[in-house]
Amino acid sequence: MHYVWLYEGPQWKAKAMAAAVVAGIFAVVLFPLWPMVMRQGVWYLSVGLMILLGLFFAMAIFRLILFCVTVFVVPPGLWLFPNLFEDVGVIDSFKPLWGWQETKKKKSKKASGPVPGGKEATPATATTTATPASNPSGGPVKRNLTPQVEEVPE
């Protein structure tokens, strides 16, 4: 049987953080005793953050409405800020400004078997800034990102 003694040294950072948390809670409890200037500053800060949160929700609703309209007008549909709800950093959430919805590839009749190359098919999502998978053919990938009007023979 073996025993291990893990010594982490002095815990001054943990003690300092605990003291800061206690001081923060004490300051919040004493909010009614704060000077009027500080209370007014907290009020301005909270209203500013509420406006920012409201603008974020308005932008999310607007991009959904824009996508619903463009799905029927210029398929496959246009996303404003396609990385808005992706798991990326704050700045990367707003890059690129717009992107076309990627459509699913039609599967052949032999779709029940494994996908060639051992990779799973990716679901249809909006264009993101993530690094794309390498092209197995090695040639350039032709992407048409501009809307076009095509005539269909009757």
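Take 1 as the starting number for the sequence shown in the UniProt record's numbering and just add one per residue. Where a beta carbon is used, it is the ideal one built from N, C-alpha and C, also for glycine.
- CA-to-CA, the gap between VAL21 and TYR7 works out to about 25 Å.
- Pairwise C-beta distances place the segment 91-108 in contact with the segment 73-83, as three or more of them are shorter than 8 Å.
- Counting along the chain, no beta strand (DSSP E) covers LEU66; the unbroken alpha helix (DSSP H) around it starts and ends at 36-73.
- For GLY99, DSSP records a beta bridge to TRP79.
- Counted as a single uninterrupted DSSP element, the alpha helix (DSSP H) harbouring GLY24 occupies residues 12-29.
- One thing to note: PRO147 has its Cβ no nearer than 7 Å to the Cβ of THR103.
- A buried status is given to TRP100, since no fewer than 16 other beta-carbon atoms sit within 10 Å of its beta-carbon.
- A direct Cα-to-Cα measurement between PHE56 and GLY41 gives close to 23 Å.
- Around the beta carbon of ARG39, fewer than 16 other beta carbons lie within 10 angstroms, which makes this residue exposed.
- The three-state reading of DSSP puts LEU84 in coil, since its state is none of H, G, I, E or B.
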